[in-house]
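Student: Here it is, the structure, as structure tokens.
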Amino acid sequence: IPKSNAMFVLQKTLLKGNSIGLLPDQSTMKGIEVNFFGRKASTTPVPAILAINYYRPVVVVACCRKPDGQYEGFVSDPIRPEKDKSEKAEIFRITEEMNQKMETVIRKYPEQYLWMHNRWKRYKNKKELLAKD
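For the sequence shown, the residue numbers in my numbering are -4 to 128.
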């Protein structure tokens, strides 16, 4: 989907009753800071915003190759928007919970996490980003 009209296409798809797939682990200029592996990481709030606006759950899905050559599929429990909470709080909660569910899969198969970009490139104090022991 071209960036120029991506939100329109996503909204139209949801209005038709279809589901969408997004890759939320990219650093973005309009990201919000939520935890990812114990560190703040800029994460797109788009999945959370769409979930709230269209009252749809966010589900983290992954497929990983096992040592025996077979594949294991992961489908997380749905993260559902809560109607009685503030939009800002829900965007933060859903986005952070999405990261946590991604962490679960990455911890199981870290060698298969395709990470070809610097998710923390906008952070000035790089020492704060060192892994916790």
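Heads up, the beta-carbon is just placed ideally off N, CA and C, and yes, glycines get one too. These figures come from a predicted structure and were not determined experimentally.
Take L45 and list the residues in its own chain whose beta-carbon comes closer than 8 Å to its own, dropping the five residues that flank it on each side.
Tutor: Excluding positions up to five away in sequence, the list reads L5, Q6, L9, I15, R51.
Student: With a CB to CB cut of under 7 Å and the five nearest residues on each side skipped, what residues in its chain are close to E67?
Tutor: For E67, where only same-chain residues beyond five positions count, the Cβ hits under 7 Å are C59, K61.
Student: Identify the continuous alpha helix (DSSP H) that holds T8 and give its terminal residues.
Tutor: Its alpha helix (DSSP H) spans residues 1 to 10.
Student: Give the DSSP-derived three-state secondary structure of V41 in the structure shown.
Tutor: Helix, per DSSP.
Student: Among K11, P105, P19, whose alpha-carbon lies nearest the alpha-carbon of E178?
Tutor: No answer is possible for residue 178: it lies beyond the span of the chain, which begins at -4 and ends at 128.
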